[in-house]
Amino acid sequence: MQKEQAMMNRHRLFLLVLAILAVAGVSCSDQKSGGKRGASPQAKQRIGIVKRGDFQERISATGNLEALVEVEVKSNVEGEIVKLLVDEGDYVEAGQILLELDPKRIVEDKRQAEANVDAAKASVKQAELNTELKRAQLATRLTEAENNFKIAESNLTTTKAESESRLISAETDIQTTKNSLEQDQLSLEQARLSLNQAKLTLIDNEASLVSSEVNLANAKSERDRNKDLFEKKFVSKKALEETETRFASATSQSNSAKQRVAAQKQTIESQKKTVKAKESIIGTRNSTLRYQKLNLEKLREMRKAQEQRNQLQLDI
Numbered sequence: 105m106q107k108e109q110a111m112m113n114r115h116r117l118f119l120l121v122l123a124i125l126a127v128a129g130v131s132c133s134d135q136k137s138g139g140k141r142g143a144s145p146q147a148k149q150r151i152g153i154v155k156r157g158d159f160q161e162r163i164s165a166t167g168n169l170e171a172l173v174e175v176e177v178k179s180n181v182e183g184e185i186v187k188l189l190v191d192e193g194d195y196v197e198a199g200q201i202l203l204e205l206d207p208k209r210i211v212e213d214k215r216q217a218e219a220n221v222d223a224a225k226a227s228v229k230q231a232e233l234n235t236e237l238k239r240a241q242l243a244t245r246l247t248e249a250e251n252n253f254k255i256a257e258s259n260l261t262t263t264k265a266e267s268e269s270r271l272i273s274a275e276t277d278i279q280t281t282k283n284s285l286e287q288d289q290l291s292l293e294q295a296r297l298s299l300n301q302a303k304l305t306l307i308d309n310e311a312s313l314v315s316s317e318v319n320l321a322n323a324k325s326e327r328d329r330n331k332d333l334f335e336k337k338f339v340s341k342k343a344l345e346e347t348e349t350r351f352a353s354a355t356s357q358s359n360s361a362k363q364r365v366a367a368q369k370q371t372i373e374s375q376k377k378t379v380k381a382k383e384s385i386i387g388t389r390n391s392t393l394r395y396q397k398l399n400l401e402k403l404r405e406m407r408k409a410q411e412q413r414n415q416l417q418l419d420i
């Protein structure tokens, strides 16, 4: 821009110098003509008003015209030129069409670009469909996961409740068995005491039997003796009857003693069976208690394992 301004200034200065020289030449010519011819009253005088203006001067010259600023014109697209609308050196304006290119390649490129755009749109559409499908799949999976979580949580709650119920039931059974075992042990002790008491009673009954048999033997001996004496008229009939009565009483006492001994022996046998039954019951109770304790430990282990599995499902 500065270079162009400098050229314009030099051009104006050159024209100004030429104008001054021209004016000076005309003035000198008039003076020479007046000196030779003299002053002529008839000479015409021109009067004018001095105005500021531009001098117009034609200069003939030869040379090469070079552009001050060169602008390279490029097309946005490539192609073969089929029509050139301007010649070299023509004045052109912005937006003016300078040439035409062969449209075949451009049309082909346009078609290819449109095809690429359509393919890209189809890819975008497919991607959108895939995205929607994935969203639907993810939503379905999320729903399934939430349902599975709820089911697992419900199973965990149910399992805990059932496991707790089984544990409580098992612990209750153990406590019931322990209580029954204590009662059985007390009953066994009572049966053993009853057996010992029956044995002592048998000893007393046997002693009574021995005493009654001694009394019976004495009564029989006295009766036999009084009977002989009565036959010999040494005792009265009343005395004989008294001995007969004592003998009958001794016999009755002896029989009663025998019955008591026999009955007591049966009682002892019954007590022995009772003791054995109590001991058997206690043995069964102990076996049941051991089984219940093992079952309780097993239930605790099963509960722990089930809770771990349910927790694992919740974590997943």
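Sequential numbering from 105 applies to the sequence shown in the numbering used here. Glycine included, each C-beta is placed from N, C-alpha and C at the ideal position.
### Query
Exposed or buried, which one is residue 365 when buried takes at least 16 other CB atoms within 10 Å?
By the neighbour-count criterion, in which a residue is buried when 16 or more other Cβ atoms sit within 10 angstroms of its Cβ, residue 365 is buried.
#### Entry: Inter-residue spacing [alpha-carbon to alpha-carbon] between residue 322 and residue 329
10 Å
### Runs of alpha helix (DSSP H) lying entirely within the stretch 182 to 234, each at least 4 residues, in chain order
none
### Message
Nearest by alpha-carbon distance to residue 178: which of 205, 166, 251, 297 is it?
### Response
205
### Message
Could you compute how far the alpha carbon of residue 243 sits from the alpha carbon of residue 228?
### Response
22 Å
### Query
For residue 134, which residues from the same chain have a beta carbon less than 7 Å from its beta carbon, with the 5 sequence-adjacent residues on both sides left out?
In this prediction, residue 134 scores a pLDDT of 47, lower than 50, which makes its location untrustworthy; the coordinate-derived value is nonetheless stated afterwards. Here the set comprises nothing.
#### Entry: Every unbroken beta strand (DSSP E) within the stretch 299 to 333, with a cutoff of 3 residues, ordered by chain
none
#### Entry: Where residue 339 sits in the DSSP three-state scheme
In the structure shown, residue 339 falls within a coil segment according to DSSP collapsed to helix, strand and coil.
### Query
Less than 8 Å separating the beta-carbons of residue 410 and residue 267?
yes
### Message
Using a 10 Å radius around the Cβ and a threshold of 16 neighbouring Cβ atoms, would you call residue 412 buried or exposed?
### Response
exposed
### Message
So, with DSSP's three-state summary, where would you put residue 371?
### Response
helix
#### Entry: Residue-level contact to chain C via CB, residue 205, 8 Å cutoff
The chain inventory of the structure shown lacks chain C, comprising one protein chain alone.
#### Entry: Assigned secondary structure, residue 172 (DSSP; H/G/I helix, E/B strand, else coil)
coil
### Query
According to the neighbour-count rule (16 or more other Cβ atoms, all chains shown, within 10 Å of its Cβ), is residue 340 buried or exposed?
exposed
### Task
Can you tell me which of the three DSSP states residue 157 falls into?
Here residue 157 sits in coil by DSSP.
### Message
Please report the straight-line C-alpha distance between residue 68 and residue 184, rounded to a whole angstrom.
### Response
For the chain, the structure presents residues 105 to 420; residue 68 sits outside this window and is missing.
### Query
What is the C-beta distance between residue 190 and residue 202, in whole angstroms, given that I count them as a contact (C-beta under 8 Å)?
5 Å
### Query
Under a three-way DSSP split, which group does residue 178 fall into?
coil
#### Entry: Best match in 188, 192, 151, 350 for proximity to residue 170 [C-alpha to C-alpha]
Per the Cα distances, 192.
### Query
What is the DSSP secondary structure of residue 387, reduced to helix, strand or coil?
helix
### Query
Below 8 Å between beta carbons: does that hold for residue 299 and residue 375?
Result yes, Cβ atoms of residue 299 and residue 375 sit closer than 8 Å.
### Query
Beta carbon of residue 399, beta carbon of residue 263: below 8 Å?
no
### Query
Would you say residue 368 and residue 274 are within 8 Å of each other, going by their C-beta atoms?
no
### Task
Please state if the CB of residue 319 and the CB of residue 363 are separated by a distance shorter than 8 Å.
no
#### Entry: Straight-line gap, residue 297 to residue 310 (C-alpha atoms, nearest Å)
Distance from the CA atom of residue 297 to the CA atom of residue 310, rounded to whole angstroms, is 20 Å.
### Task
Tell me whether residue 269 sits in a helix, a strand or coil according to DSSP, three-state version.
helix
### Buried/exposed call for residue 280, threshold 16 Cβ in 10 Å
exposed
### Task
Inspect the beta-carbon positions of residue 403 and residue 270 and report whether they are closer than 8 Å.
yes
### Exposure of residue 316, with buried meaning 16 or more beta-carbon neighbours within 10 Å
Per the 10 Å Cβ criterion, buried.
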